[in-house]
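A.B. asks: Let me give you the structure first, and then I'll get to my questions.
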Amino acid sequence: MADIALKTGTARAAPPDVSAWQRLRANKNWLGLWFMLPTAAFLILFLAYPLGLGVWLSFTDSRLGRGGVFVGLENYIFLWDDSVFWLSVFNTILYTTVASVIKFAIGLYLALLLNEHLPFKAIIRAVVLIPFIVPTVLSAIAFWWLFDPQFSVISWSLRKMGFITENINFLGDPWNARWSVIFANIWRGVPFVAITLLAGLQTVSPSLYEAATLDGASTWQRFRHITYPLLTPIIAVVMTFSVLFTFTDFQLIWVMTRGGPVNATHLMATFSYQRAIMSGYLGEGAAIATAMIPFLLGAILVSWFGLQRRKWQQGGDND
Amino acid sequence: MTNFTRRALVKGATAAGALTALSGPALLDWAKAWAQTAPWKPEKDAKLSMLRWKYFVQAEDDAFVKLCEAFTKATGVKVEISRESYEDVQPKASVAANTGTGPDLFWGLYSLPHLFPQKCMDVSDVADYLGKKYGGWVESAVKYGHSGNKWICIPICYSGALMNYRIEASKKAGFSKFPDKLDSFLEYAKAMKKNNTPGGFALGHASGDGNSWAHWCLWSHGGNSVDKDDKVIINSPETAKALEYAKQLYENMIPGTAAWNDSSNNKAFLASEIYWTNNGISIYVAAQNSAKQIAEDMDHAYFPVGPSGKPTELHLMYPVLAMTYTKYPQACKALMAFMLEADNFNPWIQSAKGYLTHCLNAYDANPVWTADPKATPFRDVAKRTLTAGGLGSVGEKAATAISDFVIIDMFANYCTGREDVKTSIANAERQLKRIYR
């Protein structure tokens, strides 16, 4: 039986009248390779090459306007003892963690609220998106004015109401400045989380809630055992992007504080820009940017695999 | 059309004190005559693009546009001008230098050309031509313009950063004239704060105002980043003294100066939130337009001097450079020279109302410096200023130290209490040693 099967298979595999070229043309994998090539070229040219170049630059003493020579780990060794670098690492982690957690909490709350039957639902949903639609630089300038040490409307209002006697030093005090930029980031980032989670909520079948209600489940139990488990794939994706956007934030900080006061709001991205472009130390700036990669990978791994362990996320079919 | 001969026109224009501003057809005739006799003949079909710092005084920009239009009509070379906030000119120029593509000319701040001297065109012939014709360059301009033996940029002008103060508030605090010594200035700051009329210096990353006062404070106490051989000497008792002095000043400033950028003190002064600061004449010009009572009640003064008795000011230099990648080097040189010719420069500097100060000695005679006595102190800023780097070279390293805010951060770290004296100096020293290695 086995021999017969083998013979049949062999005969089928190599019909004498089909050339190798024809077989290749009919091969789906070969065709797929060609379809993939434009995307691969795009990714290599615009993602892999700049990334590789950045990593390479971090091992050189390149300056703006001229190439450098390989200096090994010198840039990293210098940064290891650089207090401003570690301050920027601390700031970045604080900024990302606090902003992401709060954005998630508010975003989820808003999404649940918007999923209910509210009057003017469509308009409210559109309004929620406004902070995300406004160009970042514009909203950053608005916040810069709101938090200005001398001209803050918040300080002015509180003074007029008699709650304070002196202006609040929003951007002049290190911790105040940190909370101010985090607040601005949360304001800007909540709509993305809320609307995406809302899209996820809409995919949950109402029959599940009906069944649970008939079984006597409370609101919390419905959320905990239906909404949350079914929403986790979306949460994983949203939080991965949210963490990435927050970790690599640049515009808000640059417009509002330029990393100040006394570098208290420098994120790794802004610090990298200052060293590489403002000061001309391309190599050192590239090293700061490269140092972001392990943190980013860590953040992605946590939000990707920590939040959901479905097979599709690990390359298999979903169950 | 005209009875002027080319020679007569050009000769007339070369008179260093030629202050009669040409306009309309006369300016065009002069420009045409200049173009024919100038040593630089623009390339055929040449067109230039220039990125310049964004104006602070509208009239200055209008006059500059007119000047460029006259150049275009006379030479046929179209000049496209784009403007950026002066802090953004540097990164753009750096990227252009790195990639070899971008505007032909960059008009930026301080020692910008020294960030990439090998990418700047040699303009020694233009500098020599102008120097000979207009009474020579001031010493600081020569230092800024040179890299090695050649001129890599043309120092167009300075923007003086001097003390701006309110007259009545100062009198109430017991100061009929602005203090000219360090000790009396500290007393002044304390008295002003006590009267609820405080002032302030920018301690944030303010390229202009921040760098200007922080360097003055360091230098006036005898401190220096580097010596004349570019050896780092920041770690000194003089630097510690400067920091202690700055901290006392800071305690008597309005809160929030650690967050200030270059525009913050302008806004605060014009809103009567502060009563003294360091700035160009732009506050005064703005006040003349929109807050006349402030303009009348304010004046300008030199920074107080330290024990050396000599000025230790740092004023903003605006050099223009041409990139080596330009296809039109002759056109670039022609425009640079054209900008500083008396018939162009005099009306232009007048339109800047004292915001810009010349680097060529002959322009001392411009009436802008005497028509309003409040503008007079700005006439001499080019002669009073030290260069970026202080005792050291004005090259790439000094430019980097300024761009990286090493000195401001040192002061800010100590004044805000983030670091103690030793740590703030040590951190600045570490950074400077890397820059000056």
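Each protein sequence line maps, in turn, to chains F and V.
220 is the number of the first residue of the first sequence in our numbering; add one for each residue after it.
3 is the number of the first residue of the second sequence in our numbering; add one for each residue after it.
Glycine included, each C-beta is placed from N, C-alpha and C at the ideal position.
#1: Based on Cα-Cα distance, which residue from 397(F), 293(F), 506(F) and 265(F) lies nearest to residue 309(F)?
#2: Determine, using beta carbons only, whether residue 292(F) comes closer than 8 Å to chain V.
#3: Per DSSP, which residues does residue 148(V) bridge with? Please list them.
#4: With a threshold of 8 Å between beta carbons, is residue 326(V) in contact with chain F?
#5: Listing by chain order, which chain F residues have their CB less than 9 Å from the CB of residue 2(V)?
#6: Which residues in chain F have a C-beta closer than 7 Å to the C-beta of residue 207(V)? List them in chain order.
#7: Run the CB neighbour count on residue 255(F), radius 10 Å, all protein chains shown included, and call it buried at 16 or more, exposed below.
#8: Using only CA atoms, which one of 293(V), 46(V) and 332(V) lies nearest to residue 127(V)?
#9: Residue 303(V) bridges to which residues according to DSSP?
#10: Cα-Cα, which of 101(V), 343(V) and 273(V) is closest to residue 364(V)?
#11: Can you give me the Cβ contacts of residue 279(F) inside the same chain, cut-off strictly under 7 Å, excluding the 5 residues immediately before and after it?
#12: Show which residues of chain F have a CB atom less than 9 Å away from the CB atom of residue 439(V).
#13: If you check the beta carbons only, do residue 116(V) and residue 397(V) fall under 8 Å apart?
#14: Per DSSP, residue 159(V) forms a beta bridge with which residues?
#15: Are the CB atoms of residue 423(V) and residue 242(V) within a distance shorter than 8 Å?
#16: Would residue 118(V) count as contacting chain F if we go by Cβ distances under 8 Å?
#17: What's the C-alpha gap between residue 487(F) and residue 30(V)?
#18: Compare the C-alpha of residue 158(V) against each of 374(V), 114(V), 47(V) and 120(V) and name the closest.
#19: Is there a Cβ from chain F that is less than 8 Å from the Cβ of residue 96(V)?
#20: What in chain F is Cβ-close to residue 269(V), meaning under 9 Å?
#21: What whole-angstrom Cβ distance do residue 257(V) and residue 391(F) have, given they're in contact under 8 Å?
#22: Judging by CA-CA distance, which residue of 270(F), 297(F), 257(F) and 249(F) is the nearest neighbour of residue 433(V)?
#23: Given 8 Å as the limit, is there contact between the region 403 to 422 of chain V and the region 203 to 220 of chain V, that is, 3 or more CB pairs closer than that?
#24: So, for residue 63(V): in the same chain, excluding its five sequence neighbours on each side, which residues have a beta-carbon less than 7 Å away from its beta-carbon?
#25: So what does DSSP say about residue 366(F), is it helix, strand or coil?
#26: Can you confirm whether the region 358 to 375 of chain F touches the region 397 to 413 of chain F when touching is taken to mean that 3 or more C-beta pairs between the two stretches lie within less than 8 Å?
#27: Return the Cβ separation of residue 167(V) and residue 300(V) in integer angstroms, given the expectation that the two are a contact with Cβ distance under 8 Å.
#28: Measure the CB-CB distance between residue 171(V) and residue 252(V) and report whether it falls below 8 Å.
#29: At the 8 Å Cβ level, is residue 498(F) part of the contact set with chain V, yes or no?
#30: Counting only beta-carbon separations shorter than 8 Å, does residue 258(V) have a partner in chain F?
#31: Hey, quick one: how far does the alpha helix (DSSP H) through residue 477(F) stretch, first residue to last?
#32: Restricting to runs no shorter than 4 residues, where is the alpha helix (DSSP H) found entirely within the region 280 to 304 of chain F?
#33: For residue 397(F), go through chain V and note every residue whose CB falls closer than 9 Å to its CB, in chain order.
#34: Counting C-beta neighbours from all protein chains within 10 Å, is the total for residue 284(V) 16 or more, i.e. buried, or is it exposed?
#35: What three-state label does DSSP hand residue 183(V) in the structure shown?
#36: Pull out every residue of the region 209 to 222 of chain V whose Cβ sits closer than 7 Å to any Cβ of chain A, in chain order.
C.D. replies: According to the structure data:
#1: As a first step, residue 309(F) must be located in the first sequence, where it is residue number 90. Nearest C-alpha to residue 309(F): 397(F).
#2: Against the first sequence, residue 292(F) aligns to sequence position 73. It does not; no Cβ of chain V falls within 8 Å.
#3: Taking the second sequence and counting its residues from 1, the one referred to as residue 148(V) is at position 146. DSSP, once it has assigned bridges, lists 153(V) as partnering residue 148(V).
#4: In the second sequence, the residue the question calls residue 326(V) occupies position 324. No, no contact with chain F.
#5: The structure shown does not extend to residue 2(V), since chain V is modelled only from 3 through 439, so no value can be given for it.
#6: Stepping through the second sequence from its first residue, residue 207(V) is reached at position 205. Within 7 Å Cβ-Cβ: 477, 478 and 479.
#7: Reading the first sequence from its first residue, position 36 is the one you call residue 255(F). That one is exposed.
#8: The residue given as residue 127(V) occupies position 125 in the second sequence. For the residues 293(V), 46(V) and 332(V), the minimum Cα distance to residue 127(V) belongs to 332(V).
#9: As a position in the second sequence, residue 303(V) is number 301, starting the count at 1. In DSSP, residue 303(V) forms a bridge with 165(V).
#10: The residue labelled residue 364(V) in the question sits at position 362 within the second sequence. Of the candidates 101(V), 343(V) and 273(V), the residue whose Cα lies closest to the Cα of residue 364(V) is 343(V).
#11: Your numbering for residue 279(F) matches position 60 in the first sequence. Once the five neighbours on either side are set aside, the close Cβ partners of residue 279(F) are 287, 288, 289, 290 and 502.
#12: Start at 1 with the first residue of the second sequence, and residue 439(V) comes out as number 437. By Cβ distance, chain F contributes nothing, its closest Cβ being about 10 Å from residue 439(V), past 9 Å.
#13: Taking the first residue of the second sequence as position 1, residue 116(V) is located at position 114. Taking the first residue of the second sequence as position 1, residue 397(V) is located at position 395. Cβ atoms of residue 116(V) and residue 397(V): closer than 8 Å.
#14: Within the second sequence, the letter at position 157 stands for residue 159(V). Paired residue(s): 320(V) and 360(V).
#15: Here residue 242(V) refers to the residue found at position 240 of the second sequence. Here residue 423(V) refers to the residue found at position 421 of the second sequence. Against a cut-off of 8 Å, the Cβ pair of residue 423(V) and residue 242(V) comes out as a contact.
#16: Position 116 of the second sequence holds residue 118(V). At least one chain F Cβ lies under 8 Å of residue 118(V).
#17: Counting from one through the first sequence, the residue named residue 487(F) turns up at place 268. Counting from one through the second sequence, the residue named residue 30(V) turns up at place 28. Computed Cα separation, rounded: 53 Å.
#18: Residue numbering aside, residue 158(V) sits at position 156 when the second sequence is read from its first letter. The shortest C-alpha separation from residue 158(V) is found at 114(V).
#19: In the second sequence, counting from the first residue as 1, residue 96(V) sits at position 94. By this cut-off, residue 96(V) is an interface position.
#20: Numbered from 1 along the second sequence, position 267 holds the residue referred to as residue 269(V). Result: 367, 369 and 370.
#21: In the second sequence, the residue the question calls residue 257(V) occupies position 255. In the first sequence, the residue the question calls residue 391(F) occupies position 172. Confirmed, Cβ separation roughly 6 Å.
#22: Against the second sequence, residue 433(V) aligns to sequence position 431. That would be 297(F), whose Cα lies nearest to the Cα of residue 433(V).
#23: yes
#24: Counting from 1 along the second sequence, the entry for residue 63(V) is found at position 61. Hits under 7 Å: 57.
#25: Position 147 of the first sequence, counting from 1, holds the residue named residue 366(F). Judged by DSSP in its simplified three-state form, residue 366(F) adopts coil rather than helix or strand.
#26: yes
#27: Taking the first residue of the second sequence as position 1, residue 167(V) is located at position 165. Taking the first residue of the second sequence as position 1, residue 300(V) is located at position 298. The Cβ separation is near 7 Å, so the contact holds.
#28: Numbered from its first residue, the second sequence carries residue 171(V) at position 169. Numbered from its first residue, the second sequence carries residue 252(V) at position 250. For residue 171(V) and residue 252(V), no; Cβs fall outside 8 Å.
#29: For the purposes of this step, residue 498(F) is taken as the residue at position 279 of the first sequence. Yes, residue 498(F) counts as interfacial toward chain V.
#30: As a first step, residue 258(V) must be located in the second sequence, where it is residue number 256. So, interface residue.
#31: Working through the first sequence from its first residue, we reach residue 477(F) at position 258. No alpha helix (DSSP H) contains residue 477(F), which DSSP labels as neither H nor E.
#32: 293 to 299
#33: Indexing the first sequence from 1 puts residue 397(F) at position 178. Near residue 397(F) there are no residues of chain V at all, since even the closest Cβ is about 12 Å away, more than 9 Å.
#34: The count along the second sequence starts at 1 and reaches residue 284(V) at position 282. Classification of residue 284(V): buried, given that the 10 Å Cβ count is 16 or more.
#35: The count along the second sequence starts at 1 and reaches residue 183(V) at position 181. Strand at residue 183(V).
#36: Although the question refers to chain A, the structure presented lacks it and instead comprises the protein chains F and V.
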